[in-house]
């Protein structure tokens, strides 16, 4: 409740200055031409990233991620809408709680982001069934086609989700500017189906342009849906040139260089999904995936797409990955964490990839001519060294040139320096440039930079703004590399080098600055017939320390802090909604601003302002404003540093306000003790009453996979779609049975355990890849039977014998090639034989729908069916035992509670870490306050740390942790376990 009230307060405080993408008092429209999108009359370069709300089951954290997107320079977010997440059964839909997409779209607008809406019906996303609800597996008719059974189902889904999307379009003051039909639909296609999706979208009120995304050919693009029946307005392409080999992060574009062609001459080039992370196929860990797709890759490939191809529509996959909580994961490619090596980690921490997105995103927002360019051949900038090459584009209206400088050999690792002979719009210039291996620069010439004329620069532009009657421009380059910037003036201006080593020369109207990119140089230029300009010239790393925020009084720049979410200016106070740690903060704001506050929903710290004026420095406290003497630096010390609230500041020679923020308070975390344990699996006992279970007696199935034995035992055919499923087979033994042959399909990494008359016989792997290794071949539904010998004395001849089988359903295959075989591959037992003796089967899975947590949180373990995972369950009769205690085959539950009292006004993401021996074959379902937040498999790795997101985690109060441990053999248990903090800052969402 505290977070909710503080969020509402922040909205009231900042609503006047939040820069939302559309206004309620107008009816903006979205148009496009061969260059770019135009929204409400303004051309934009679409800079979007993917966010999966269904992988972050905490509404309060949606805002955090979306605000971080905006702060990184993104102007849009791409949102899949998962059919499976909202529909537990035919005709049943839930858009409440963590599935409230109305709230999601409102939050996107409040964060200042446009939205690309992607409702499928198929989304893939490495999610179970590719986003299809599992009940669809039993619907007749090929999925992803116009066949009647599937058609009725997908129309119902679209009719539920489309109206929600429609009422959030830009014409109605919302954020939605594009609607994506289907997803990566280029094999086994059906044009009537594709057209019907679009027709229904229009009938449901969708008016924005309709797009789609084809996948995946890094050589020569040819879209299925660019022309002809089923064609969309703006077809796009997916590209993952770095592949998914995270174990070898030194790879460099093994799948091609990137986008190379336009799909149609009348539309912009649209990178509908461009690689910004990777699936961890080799279990190397997501940090290696982040390295594989890190800043070097981003600099080279993203800038190449911008200039070589002329793309102006980018959506990067992923911006934030999240968690495959519950049974959300598609089993063949991913595990619980869906961190994806993204710019923002699963625990919402910022990475060097985030910095590179920010450098590029700020540039695309600030330099408007980049949204409309034509190829310029030959390039006007010619390097003297053949090791380097240039590619150029120019705006046909302004003449502004954009030159990409890179190595001729894109895989080169050397650092090369040369001179560019540049025929720019304002003259011919010889300027130095240096390019490291696997790097690239976009340089600008002939640009009206605010009130200045930038003739040429070999520093990259990050951003610029008119602040307080002068221009402030932030330029950057590789540390140590030479740079030159030339500005045009009618007469010689006055130049003051405030910081750094900069050589200044003026001749024939050109003011030339030469320097090396080291630290942050500051140059103030005034006179010469133009308004003053403050040039901030730094390294790439120094540039990443800057944040830009819009206010009603104009933009402000902030140097330092961990994150700036927004800013407001009122009178002589600038108030930052920011995340802070101990360190320096510097604010570039109009001269009328003399005081700095850092506050916001989670960063209230007294609310007192600190003043920069002519007085002496004063310690904030007792309601007194803090002042700083002219030119006197505010230094950290007892009572002087601040985190939330007022920041003691001083006016610098650059005209900025500089101060120091204090460190966040430590976050103490308790040890996990007081565990209680209880064995499960009464279903294995021969006397267990299964009379209320469903009889598994079907003799036919709608599945395209025919059963190997009868009756049909496919779990989905009996309505059990997620998690573990129990089977009990009753048979009258003849006494001659010697073996039991079973065959189960579970998805990769799954298994099944077998008991005969209460005696444990062993386990077998049920996991099977969705195909035989080639993604274009049909899946193999037969992983091979499990043979179990009947122990002597285990049978009861002439009497009822019970075969009990626990099968783990790890999730459902995708439908990537739209052939129905992959997606509709069965789960559960697919064949069973006890020497030919007839068996009468019963089956039990999930007991019912958890309306709070949805259909994907729980499965069919006895403890789940009876509430052992829920926080209010009474476990006083359980014995004391730590999870590290020795395990016996079967299922054992552990429960404990712990108290948290995290500091108020701070963001401290918490995780759970497993220690112990990684070799035993056991699986652990992790329940936090009743929510299944993940699955740990000691022997299948690599994940040993699990995010416990705020909202599910009670940050100030009692939490209940429950573990369901399934062991295949006697072994040590999963321990020790402990809590840890991923980070700690003042502020937060």
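Numbering (this note's numbering), first residue to last: 21 to 1009. Using N, Cα and C, we set each Cβ at its ideal position, and we do this for glycine too.
In the structure shown, what three-state DSSP assignment does residue 215 receive?
-> helix
Can you tell me whether residue 842 is buried or exposed, with buried defined as 16 or more other CB within 10 angstroms of its CB?
-> buried
What residue range is occupied by the uninterrupted alpha helix (DSSP H) comprising residue 383?
-> 372 to 386
CA-CA distance, residue 142 and residue 336?
-> 19 Å
Just mark residue 1005 as buried or exposed, buried being the case when its beta carbon has 16 or more other beta carbons within 10 Å.
-> buried
With burial defined as no fewer than 16 other Cβ atoms inside 10 Å of the residue's Cβ, what is the status of residue 794: buried or exposed?
-> Low confidence applies to residue 794: its pLDDT is 43, below 50, so where it sits in the model is not reliable, and the reading given next is rough at best. Label assigned to residue 794: exposed.
Does the beta-carbon of residue 807 have 16 or more other beta-carbons within 10 angstroms, so that it is buried, or is it exposed?
-> exposed
For residue 177, the first and last residue of its enclosing alpha helix (DSSP H) | 168 to 186
Whole-angstrom C-beta distance between residue 587 and residue 576, which should lie under 8 Å = 5 Å
What number of angstroms, rounded off, separates the C-alpha of residue 449 from the C-alpha of residue 466?
-> 12 Å
Express the C-alpha separation of residue 198 and residue 49 in angstroms, rounding to a whole number.
-> 11 Å
Where does the unbroken beta strand (DSSP E) through residue 597 begin, and where does it stop?
-> 593 to 599
Roughly how many angstroms separate the alpha carbons of residue 2 and residue 821, rounded to a whole number?
-> Because the chain here runs from 21 to 1009, residue 2 falls outside it and cannot be looked at.
Express the C-alpha separation of residue 212 and residue 169 in angstroms, rounding to a whole number.
-> 15 Å
Do residue 333 and residue 66 have their CB atoms nearer than 8 Å?
-> yes
Residue range of the unbroken alpha helix (DSSP H) whose run includes residue 82 = 79 to 91
What residues in its chain sit with their C-beta under 7 Å from that of residue 549, if we drop five residues either side in the sequence?
-> 509, 510 and 511
Hey, residue 932 and residue 993: beta-carbon distance below 8 Å or not?
-> no
Where are the beta strand (DSSP E) runs, 3 residues long or more, that stay fully inside the stretch 131 to 169, in chain order?
-> 134 to 138
Could you tell me the distance, in whole angstroms, from the CA atom of residue 285 to the CA atom of residue 428?
-> 28 Å
Among 865, 678 and 824, nearest to residue 886 - alpha-carbon criterion | 865
Would you list the residues sitting across from residue 951 in a DSSP beta bridge?
-> 948
Which residue or residues does DSSP assign as beta-bridge partners of residue 746?
-> 826 and 864
Helix, strand or coil for residue 1058, going by three-state DSSP, please let me know.
-> Only positions 21 to 1009 of the chain appear in this structure, which leaves residue 1058 out of reach.
Where residue 329 and residue 904 are concerned, what is the direct C-alpha to C-alpha distance, given to the nearest angstrom?
-> 56 Å
Pick from 359, 281 and 484: whose alpha carbon is nearest that of residue 381?
-> 484
Assumed close pair residue 667, residue 616 - CB separation to whole angstroms, cut-off 8 Å | 5 Å
For residue 855 versus residue 756, is the C-beta spacing smaller than 8 Å?
-> yes
Those residues which DSSP pairs with residue 920 across a bridge | 977
Span of the alpha helix (DSSP H), counted from its first residue to its last, around residue 310 | 306 to 312
Three or more C-beta pairs below 8 Å linking the stretch 697 to 715 and the stretch 71 to 88 = no
C-beta atoms of residue 156 and residue 145 nearer than 8 Å | no
Would you be able to state if there are at least three C-beta pairs under 8 Å between the stretch 177 to 194 and the stretch 763 to 780?
-> no
Contact set for residue 117: own chain, Cβ-Cβ below 7 Å, skip 5 residues either direction = 872
Going straight from the alpha carbon of residue 498 to that of residue 421, what length do you get?
-> 21 Å
DSSP beta-bridge partners for residue 604?
-> 680
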